[in-house]
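Written out below as structure tokens is the structure these notes cover.
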Amino acid sequence: MFQHPDPLRPDRPQAEAPGRRHTVSSFDDDLRQVAAQTARVGGMAEELLSAALSLLLRGGAAEAAEVRALRDRQRLLAREANDRAASLVALRQPMGGDLRQLLAALRALAALARSGDLSANLAEGAARLREEAPAPAAPAPAPGEDMDAALRRFGQRALAQLASAISAHQARDAEAARAVWRRDGELDAHYESLTRSLLARMAEGADQVVPGARRLFIAKDLERIGDQARHVAAATWWMLRGTEIDVSPEP
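FYI, in full-length UniProt numbering the residues of the sequence shown are 1 to 251.
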């Protein structure tokens with residue numbers, strides 16, 4: 001699913017001494033390694049969110065623990081990639097596109113790791129929500145929209161946004177990254193609508209307050225994951241265009 005792109009290549013001398021060629025080749029290998037690790041961290045971010053969302057349908061504490069364990073592995077890999085990229089910046093003192101690639105990787109890695117943390121929080125909240133759900137023999141819930149189904153729809157939209165941001169970064173596609181960045185406003189509007197629906201449901205009775213509060217926290221985690229997708233997209237745009245996306249002129 002994830003492809004490891006070749007590093008950006010600024011202008012370099014056409015003829016180089018053997019030692020210089022060896023140094024450049026080694027540096028390119030290091031850049032590819034950072035790109036490969038970033039791709040793996042991104043893949044784990046998608047896997048984490050997908051697993052967390054599945055807990056809105058089935059699963060409990062054991063499954064939430066599995067999500068946390070995956071988050072811990074993602075953290076470790078993100079730290080390794082971050083350290084590698086930071087060392088390359090400090091020791092190799094790259095310029096141009098190479099420098100932007102490494103700095104963008106640092107930005108993307110931070111956002112992807114934060115997304116993983118939020119997914120782990122979401123999984124914990126979803127597990128508790130299911131554990132606290134009424135027994136099947138309990139009275140049917142009040143008529144209206146299924147709030148868990150509404151959460152899942154919002155979650156799938158956040159997952160699609162995250163996946164698109166990661167794909168744009170891997171493909172080195174500035175326009176795809178800008179499309180992700182622009183769609184963040186739509187995700188925010190969806191979040192606000194969902195929040196209003198959740199608050200209205202909570203107002204229907206005392207028995208709706210605790211599950212409603214848990215759903216609000218889950219919705220907020222999803223909205224923040226959308227923000228992390230936007231950060232990845234912004235890093236990609238800056239890497240490729242050399243300007244921040246929020247100050248770049250419209251086409």
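Even glycine gets a Cβ: it sits at the ideal position worked out from N, Cα and C.
Alpha carbon of residue i to alpha carbon of residue j, nearest angstrom
i           : j           : result
residue 140 : residue 102 : Residue confidence for residue 140 is low, a pLDDT of 45 falling below 50, so the modelled location carries little weight and cannot support an answer.
residue 84  : residue 34  : 7 Å
residue 187 : residue 155 : 10 Å
residue 231 : residue 99  : 18 Å
residue 172 : residue 204 : 49 Å
residue 219 : residue 91  : 42 Å
residue 197 : residue 217 : 14 Å
residue 130 : residue 120 : 16 Å
residue 82  : residue 206 : 47 Å
residue 87  : residue 152 : 40 Å
residue 109 : residue 41  : 7 Å
residue 256 : residue 182 : In the structure as shown, the chain starts at 1 and stops at 251, and residue 256 therefore has no counterpart that could be examined.
residue 168 : residue 193 : 28 Å
residue 61  : residue 105 : 33 Å
Bounding residues of the alpha helix (DSSP H) (the contiguous stretch that carries residue i)
i           : result
residue 175 : 174 to 202
residue 93  : Unbroken run through residue 93: none, as it is neither H nor E.
Coil, strand or helix - residue i by DSSP
i           : result
residue 230 : helix
residue 104 : helix
residue 132 : coil
residue 139 : Note that residue 139 scores 45 on pLDDT, short of 50, meaning its location in the model is unreliable; the coordinates nonetheless yield the value given after this. Reduced to three states, the DSSP call for residue 139 is coil.
residue 236 : helix
residue 2   : Note on residue 2: pLDDT 45, under 50, position unreliable in the model; the coordinate value appears next. Looking at residue 2 - three-state DSSP - the assignment turns out to be coil, as it is neither helix nor strand.
residue 146 : coil
residue 38  : helix
residue 155 : helix
residue 84  : helix
residue 55  : coil
residue 47  : helix
residue 244 : coil
residue 125 : helix
residue 212 : helix
residue 205 : coil
residue 60  : coil
Proximity of residue i and residue j at Cβ, strictly below 8 Å
i           : j           : result
residue 212 : residue 201 : yes
residue 47  : residue 70  : yes
residue 53  : residue 63  : no
residue 49  : residue 159 : yes
residue 214 : residue 128 : yes
residue 163 : residue 237 : no
residue 233 : residue 149 : no
residue 229 : residue 165 : yes
residue 235 : residue 107 : yes
residue 123 : residue 67  : yes
residue 116 : residue 45  : yes
residue 161 : residue 226 : yes
heavy atom of the ligand SAM below 7 Å from residue i C-beta
i           : result
residue 107 : The ligand SAM is not part of the structure shown, which contains no ligands of any sort.
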